[in-house]
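When you line the sequence shown up against my numbering, it's residues 1067 to 1261, in that order. We put the CB at the ideal spot given by N, CA and C, even for glycine. Inspection log for the structure reproduced underneath, given as structure tokens.
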Amino acid sequence: MSNKQYVFNKEDVAKIAKQYAGQDHEHAFAKVVVELRKMYPGHILPDEDLQWVFVNAGGWMGSMCLLHASVTEYVLLFGTAVDTSGHSGRYWAEISDTIISGTFRQWKEGTTKSEMYYPGDTIVHTVGEATSVQWSAGTWMVEYGRGFIPSTLGFALADTVFGTQDFLTLFYTVRVYMKGMLLEANTFLTEAGVF
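Here you go:
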């Protein structure tokens, strides 16, 4: 994957998000989506496909709105309206989160102290890293993942399948991921001159 060309740049995604840090998260997210569509035309889902979906994973609960999905990248809006904490998961992907509002605490494996992050901060979760994570109520962020994205799905869906057994949320999650994959395939084929 080191030779793979990616659509997104994590620094650019973080820079866009940081412009709106500290603002009302709904207003900020609307602006972030507009900026991402300008910078990455054809790679962000249209408004009619954007949907907030619950995520239960690692003992925590949040909500996500997927903007882009492929086998090697994703971009989403993420957050929680309630205090929540748990395990980060361990992935074959690097994940970066830029905080728009609220606070995020992370305790890295092998350490005895946690770190607190605030609006405008970007946290990078490296490949193979595991941490304890904690979000305060009202924490919202822009997330970018790069790597083997299917490796994140087992963790992201395990609590839904084996814990909450919320199969409607499972359906919503799989459906929006497939919409993202189809958009990416369509954009690739269009740019290649097939369509």
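- Here residue 1174 carries a strand assignment [DSSP, helix/strand/coil].
- When DSSP states are grouped into helix, strand and coil, residue 1132 belongs to the strand group.
- Of the candidates 1167, 1218, 1203, 1218 places its Cα closest to the Cα of residue 1196.
- Shown here for residue 1072: same chain residues with a beta carbon closer than 7 Å to its own, the five before and five after excluded, namely 1138, 1139, 1212 in chain order.
- Positions of the beta strand (DSSP E) runs, each at least 3 residues long and wholly inside the region 1067 to 1143, are given as 1118 to 1123, 1126 to 1135 in order along the chain.
- Counting of Cβ neighbours within 10 angstroms places residue 1237 among the exposed residues, the total staying below 16.
- By the Cβ criterion, the region 1156 to 1165 is in contact with the region 1199 to 1214, since at least three pairs of Cβ atoms, one from each stretch, lie closer than 8 Å.
- For the options 1117, 1086, 1158, the alpha carbon positioned closest to that of residue 1243 is the one of 1117.
- Across the structure, residue 1083 and residue 1246 are spaced so that their CA atoms are roughly 21 Å apart.
- When DSSP states are grouped into helix, strand and coil, residue 1205 belongs to the strand group.
- Each residue's CA atom was taken as its position, placing residue 1233 and residue 1135 some 21 Å apart.
- Here the region 1174 to 1190 makes no contact with the region 1112 to 1131; the two share fewer than three CB pairs at distances below 8 Å.
- Contact check between the region 1120 to 1130 and the region 1093 to 1101: fewer than three CB pairs, one atom from each, fall below 8 Å, which does not count as touching.
- Rounded to whole angstroms, the gap between the alpha carbons of residue 1113 and residue 1099 is 9 Å.
- In summary, residue 1076 is buried, with 16 or more beta-carbon neighbours lying within 10 Å of its beta-carbon over all protein chains present.
- About 7 Å separates the beta carbon of residue 1172 from that of residue 1183, a gap short enough to meet the 8 Å contact definition.
- Contact check for residue 1170 against residue 1205 passes: the beta carbons are separated by less than 7 Å.
- Counting C-beta atoms within 10 angstroms of its own C-beta, residue 1148 has fewer than 16 neighbours from the protein chains shown and is therefore classed as exposed.
- The DSSP-derived three-state label of residue 1163 is strand.
- Taking each of 1221, 1142, 1239 in turn and checking the Cα distance to residue 1109, the smallest one comes out for 1142.
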